[in-house]
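Numbering-wise, this note's numbering puts 359 at position 335 of the sequence shown, and it's gapless, one number per residue.
Written out below as C-alpha cells is the structure these notes cover.
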Amino acid sequence: MTELIVSAAALLAVAGVGAAWYFRRKRDEARRRADQLREHADRLTLQLVAAEQCVGHLAANVIPAAAKGGEGPEAGGLLVPAQLEGTPLAERLRAVPGAVASAVADVRGQERAAAAHAAAQAAEQVRQDTERYVAQVRHESVGVARAAVRGFANNVVARSARLGRAVSQGVRRHISDEAYATLVEIDHLAQQMLLTASGYSVLAGDKLSRRWPATSLTDITRAAMGRIEGYERIKHPDMGSVVVEGRAVEAVVHALAVLLDNALRYSPPAASVHVSLEQGHHACFLIVDDAGLRMDDERLLWAGNVMSGEQRDDITRLGAHPQTGLRVASLLAENYGFRVELTAPNIYQGTRAMVVLPKNLLVDPAAGRGAGSGAGTAAGAVSGTAAGSVTGTAEPVAATAAPSATAPTPPAPAPAPTP
C-alpha cells in the first residue's frame with residue numbers, strides 16, 4: 025500500500041515537473057513572440073514614420089520638381105529612407121517621380137497641342153478675317169474707282185455730245201463757206217473723244233445708252249469710220265442687204281470702230297484697210313483686213329483670251345497706259361450677243377478681225393431702208409453717226425450722193441439714233 029502511494033506521489037511529481045517545464049517553455053516562447061511582435065511593431069512604426077516623412081518630402085519637393093519639368097536638385101529621383109529599404113512601398117515610392125514626370129509631360133504635350141491648335145485656329149480666323157476685310161476694301165475701292173471713271177467718262181461723253189450738236193448746227197449754217205471743213209474736222213475730233221470716253225464707261229461697268237433704229241451694215245461701217253482717224257484709207261462695199269436690229273447697232277458700231285482703228289494704226293500710212301462681208305447659214309461675218317505687221321502668236325493668244333472672256337482685267341489694273349480697245353469690244357460682244365475673232369496672217373500677210381453677227385441680231389433689210397435713206401455731207405456723216413449716236417438729237421443735213429467704196433472721202437451718214 026505504501027509503495028503504491030509512493031509510486032503515485034512519484035508520478036505526480038514527475039507530472040508536475042513536466043507540466044512546469046512545459047508551461048515554462050510556453051511562457052518563454054510567448055515572451056519571445058511578444059518581443060518579436062514588439063520589434064515588428066517598432067519596425068512598422070519606424071517604417072510608418074519614414075513613409076510619412078518620405079511622402080511629405082515627395083509632396084513638398086519631388087513632385088513639384090517633376091511638375092517643373094525636371095528642374096532643381098530634387099528632380100533626379102526620390103531618396104527612400106533606410107527603414108523602407110527592401111519593402112514594396114520603397115519600390116512604389118521610387119516609381120512615383122517618374123510616373124508624375126510622365127503624366128506631367130503628357131499633360132503638357134496635350135496642352136501644347138491644344139494651344140497650338142487654338143493658335144492655328146486663331147491665326148486662320150485672323151487670316152480669313154483679314155482676307156475678307158482686304159477683299160471688301162478692294163471691292164469698295166474698285167467700286168469707287170469705277171464710279172469715278174464712269175462719272176468722268178459720262179461727263180466727257182455729255183460734253184462731247186453737246187459739242188457735236190453745236191458743230192452740226194454750224195455745219196448746216198456754213199455748208200457752203202470756208203468754215204465748213206474746219207467744223208467737220210472739229211466734229212470728227214469730238215467723235216473720237218466720244219469713242220474713247222464711252223469705252224472707259226463700258227470698262228467701268230456702264231451700258232451703252234445710245235439707241236439706234238435697225239441699221240444696215242453699210243451705215244454701221246460708215247458710222248464707225250466717222251469715229252476714227254484716217255478713215256479715208258478704209259474701203260468697203262455696199263452691205264445694205266444686211267440689217268442689224270436697233271438694240272445691237274451701237275455696240276457693233278463701237279466694236280467695229282475699235283477694230284478699224286487698230287487696223288489703221290498697225291498698217292503702213294499708204295496701205296488700205298478692207299472691210300468685207302460673208303454671209304453664212306447661221307451668221308454674217310463682217311471682216312476687217314489690214315496689210316500691216318501681223319500679230320505675233322503670243323499677242324494673238326492674248327487677244328483670243330480677251331475676246332473669249334477667259335481673261336477679264338479690271339479697269340483699275342490696266343496700268344498707266346491702258347490698252348482698252350479690244351477689252352471694250354470683248355465686253356460689248358458678250359453683252360450684246362455677237363463675237364469678235366482675230367486671226368493672222370490674212371491674204372495681205374497682216375491681221376484679220378471678224379465680227380460674227382448671229383441671225384438673231386439681224387432683221388429684214390426692209391426695216392433699215394427708211395432709217396438709212398437720208399445721206400448727208402461729210403459733216404453730216406460725222407455728226408450724224410457719232411455725236412448723234414450719243415445724244416440722239418443729231419439730224420442728217422441736206423442729202424448728197426454717198427461716197428464710193430474706194431473714194432478717200434468722209435463716210436456717208438448713218439441714220440440718226442434716237443434717245
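A virtual CB, placed ideally from N, CA and C, is assigned to each residue, including glycine.
**Prompt:** For Ile87, which residues from the same chain have a beta carbon less than 8 Å from its beta carbon, with the 5 sequence-adjacent residues on both sides left out?
**Reply:** Reading the sequence shown from its first residue, position 63 is the one you call residue 87. Contacts found: Val120, Pro121 and Val124.
**Item:** N- and C-terminal bounds of the beta strand (DSSP E) containing Ile371
**Value:** Counting from one through the sequence shown, the residue named residue 371 turns up at place 347. Unbroken run through Ile371: none, as it is neither H nor E.
**Asked** In the DSSP assignment, what residue or residues form a beta bridge with Gln303?
**Response** By one-based count along the sequence shown, residue 303 stands at place 279. Cys308, per the DSSP bridge assignment.
**Message:** I'd like to know whether the C-beta atoms of Ala307 and Pro382 end up nearer to each other than 7 Å.
**Reply:** Within the sequence shown, residue 307 is the residue found at index 283, counting from 1. Within the sequence shown, residue 382 is the residue found at index 358, counting from 1. The answer is yes: Cβ separation under 7 Å.
**Item:** Euclidean distance between Cα positions of Val312 and Leu366
**Value:** Taking the sequence shown and counting its residues from 1, the one referred to as residue 312 is at position 288. Taking the sequence shown and counting its residues from 1, the one referred to as residue 366 is at position 342. Near 10 Å, if we compare the C-alpha coordinates of Leu366 and Val312.
**Asked** Using 8 Å as the Cβ pair cut-off and three pairs as the minimum, do the segment 239-253 and the segment 265-277 touch?
**Response** yes
**Request:** Can you say whether Met263 is buried or exposed, counting buried as having 16 or more other CB atoms within 10 angstroms of its CB?
**Result:** Mapped onto the sequence shown, residue 263 falls at position 239. So Met263 counts as buried.
**Message:** Distance check for Asp211 and Ala247, CA to CA, integer angstroms please.
**Reply:** Taking the sequence shown and counting its residues from 1, one reaches residue 247 at position 223. Taking the sequence shown and counting its residues from 1, one reaches residue 211 at position 187. Using only the alpha carbons, I get a separation of about 13 Å.
**Prompt:** Just to confirm, are Val226 and Leu355 a CB contact at a threshold of 7 Å?
**Reply:** Stepping through the sequence shown from its first residue, residue 226 is reached at position 202. Stepping through the sequence shown from its first residue, residue 355 is reached at position 331. A contact, by the Cβ cut-off of 7 Å.
**Prompt:** What's the call for Phe362, buried or exposed, on a 16-neighbour Cβ count within 10 Å?
**Reply:** Residue mapping note: residue 362 aligns to position 338 of the sequence shown, counting from 1. The residue in question, Phe362, is buried, as its Cβ has 16 or more Cβ neighbours within 10 Å.
**Prompt:** Nearest CA to the CA of Leu283: which residue from Gly304, Ile199, Thr245 and His305?
**Reply:** Numbered from 1 along the sequence shown, position 259 holds the residue referred to as residue 283. Closest option to Leu283, Cα to Cα, is Thr245.
**Prompt:** Can you tell me where the alpha helix (DSSP H) with Met217 in it begins and where it stops?
**Reply:** Counted from its first residue, the sequence shown places residue 217 at position 193. Unbroken alpha helix (DSSP H) run through Met217: Ala203 to Leu227.
**Request:** Tell me whether Tyr360 is buried or exposed, calling it buried when 16 or more other Cβ atoms sit within 10 Å of its Cβ.
**Result:** Position 336 of the sequence shown holds residue 360. It is buried - the Cβ of Tyr360 has at least 16 other Cβ atoms within 10 Å.
**Request:** Using three-state DSSP, classify Ala315 as helix, strand or coil.
**Result:** If you number the sequence shown from 1, residue 315 lands on position 291. Coil, per DSSP.
**Prompt:** Taking the beta strand (DSSP E) that Ala378 falls in, what are its first and last residues?
**Reply:** By one-based count along the sequence shown, residue 378 stands at place 354. One point to set straight first is that residue 378 is Met, not Ala, in the sequence displayed. Taken as a continuous stretch (DSSP letters only), the beta strand (DSSP E) holding Met378 covers Arg376 to Pro382.
**Where the alpha helix (DSSP H) through Thr348 begins and ends** = Taking the first residue of the sequence shown as position 1, residue 348 is located at position 324. Counting along the chain, Thr348 falls outside any alpha helix (DSSP H), and DSSP gives it neither H nor E.
**Prompt:** Between which two residues does the alpha helix (DSSP H) carrying Leu288 extend?
**Reply:** Locating residue 288 in the sequence shown gives position 264, where the first residue counts as 1. Where Leu288 is concerned, the enclosing alpha helix (DSSP H) stretches over Gly270 to Arg289.
**Item:** Beta-carbon contacts of Ile220 that lie in its chain and below 6 Å, excluding the five residues immediately before and after
**Value:** To locate residue 220, count along the sequence shown from 1; it is residue 196. Checking the sequence, you will find Thr at residue 220 rather than Ile. The answer is none, since no qualifying residue turns up.
**Message:** For Ala75 and Ala34, what's the separation of their Cα atoms in angstroms?
**Reply:** For the purposes of this step, residue 75 is taken as the residue at position 51 of the sequence shown. For the purposes of this step, residue 34 is taken as the residue at position 10 of the sequence shown. Their Cα atoms are separated by approximately 60 Å.
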